[in-house]
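**Q** Numbering (our numbering), first residue to last: 29 to 244.
I'd like to ask you about the structure that follows.
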Amino acid sequence: MNFSAFSKDVPAFLTELKANNSKDWFAANKARYDAGIKAPAQEFGAAMCEVLEQATDLPHSAKLFRVYRDVRFSKDKTPYNAHLHMSFTPNTGQESPPMWFFGLGVDRLSLGCGVFGFDKQSLGAFRDRVAGPDGAELQTALDKLAGAGVRLSEPDLKRVPAPYDKDHPHGALLRRKGLSAWLDVEDRAVVTRPGLVAFTLQNLLLLRPVFDFLRA
Numbered sequence: 029m030n031f032s033a034f035s036k037d038v039p040a041f042l043t044e045l046k047a048n049n050s051k052d053w054f055a056a057n058k059a060r061y062d063a064g065i066k067a068p069a070q071e072f073g074a075a076m077c078e079v080l081e082q083a084t085d086l087p088h089s090a091k092l093f094r095v096y097r098d099v100r101f102s103k104d105k106t107p108y109n110a111h112l113h114m115s116f117t118p119n120t121g122q123e124s125p126p127m128w129f130f131g132l133g134v135d136r137l138s139l140g141c142g143v144f145g146f147d148k149q150s151l152g153a154f155r156d157r158v159a160g161p162d163g164a165e166l167q168t169a170l171d172k173l174a175g176a177g178v179r180l181s182e183p184d185l186k187r188v189p190a191p192y193d194k195d196h197p198h199g200a201l202l203r204r205k206g207l208s209a210w211l212d213v214e215d216r217a218v219v220t221r222p223g224l225v226a227f228t229l230q231n232l233l234l235l236r237p238v239f240d241f242l243r244a
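Here you go:
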């Protein structure tokens with residue numbers, strides 16, 4: 029595991045890309061992206077999978093999200109994502125496994141854990157769990173994380189879905205279609221300092237209660 033940190037050109041590149049989000053600019057800087065961001069990101073992903081497997085006893089796979097935006101159904105037609113987004117997924121066979129997230133943008137680094145959207149079967153199983161005693165346990169864990177500065181995704185629905193009581197004590201959990209928790213790091217330069225893998229792992233594991241609940 030030889031990866032130490034990203035070069036200082038990575039946050040600089042993303043800032044420049046946001047200011048020059050055009051095909052001409054990216055074409056002129058594609059070699060810089062491939063060598064300075066894509067290749068080291070793949071090395072970082074391999075290193076993170078190794079340490080996450082050690083921490084969880086589960087093999088993981090890394091995904092580097094595309095820099096190219098899908099603009100077919102978007103009013104925003106800028107062609108590129110001015111961020112570096114990665115996910116690390118445990119290889120467990122689950123339809124909607126909890127994933128770890130690494131998102132470097134132009135203003136901050138965000139580290140997360142969870143599921144953006146459950147598939148139909150997993151959503152039903154999640155609701156049945158949180159409707160019972162497990163819901164109180166999860167809510168206590170989420171309240172503790174929020175008190176420590178963790179940002180939580182908002183419930184997706186305005187009302188508690190049927191067949192659950194509209195005044196169910198775990199209504200906030202039942203209104204969710206997904207669940208994720210996030211730590212925001214304002215100092216983007218942290219990605220350019222040695223020890224990024226250890227730093228990322230340490231902070232991701234603060235979100236372990238979400239991972240463990242969604243894995244159960």
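In this text, a Cβ means the ideal position worked out from N, Cα and C, and glycines have one as well.
By Cβ distance below 7 angstroms, which residues in the same chain neighbour L201 in space, the five residues on each side in sequence not counted?
**A** These residues qualify, in order along the chain: V158, G163, L166, Q167.
**Q** Note down the Cα distance separating A74 from F130, rounded to an integer number of angstroms.
**A** Cα to Cα, the separation comes out at about 13 angstroms.
**Q** State yes or no: is the C-beta of A209 within less than 9 angstroms of the C-beta of L235?
**A** Yes, Cβ-Cβ distance for A209 and L235 is below 9 angstroms.
**Q** One question on the structure: do G133 and A153 come within less than 9 angstroms of each other, judged by their Cβ atoms?
**A** Going by C-beta atoms, G133 is not nearer than 9 angstroms to A153.
**Q** Compare the Cα-Cα distances from F241 to each of D37, P126, K148 and report the closest residue.
**A** For the residues D37, P126, K148, the minimum Cα distance to F241 belongs to P126.
**Q** I need the straight-line Cα distance from T120 to W128, nearest angstrom please.
**A** Straight-line Cα distance between these residues: approximately 14 angstroms.
**Q** Should F101 go down as buried or exposed, given a rule of 16 or more other Cβ atoms within 10 Å for buried?
**A** Classification for F101: exposed.
**Q** Counting only runs of 4+ residues fully inside the segment 62–131, write out the alpha helix (DSSP H) ranges in chain order.
**A** Here the runs fully enclosed are 67–84.
**Q** Could you give the distance in angstroms between the alpha-carbon of K91 and the alpha-carbon of S115?
**A** Going by the C-alpha atoms only, they are around 5 angstroms apart.
**Q** Which class does D199 belong to by DSSP, given the choice of helix, strand or coil?
**A** The sequence given here places Gly at residue 199; Asp does not occur at that position. Looking at G199 - three-state DSSP - the assignment turns out to be helix.
**Q** Pick helix, strand or coil for S150, following the three-state DSSP scheme.
**A** Residue state, collapsed to three classes: helix.
**Q** Kindly examine the ligand SAH and report whether one of its heavy atoms sits closer than 8 angstroms to the Cβ of P191.
**A** As presented, the structure is devoid of all ligands, the ligand SAH included, so that no description of it is given.
**Q** Within the segment 174–234, note down every full alpha helix (DSSP H) run reaching 4 residues or more, in order along the chain.
**A** If we require 4 residues or more, the alpha helix (DSSP H) runs fully inside the segment 174–234 come out as 199–202, 224–232.
**Q** Could you give the distance in angstroms between the alpha-carbon of F72 and the alpha-carbon of A33?
**A** If I take the Cα positions, the gap works out to 8 angstroms.
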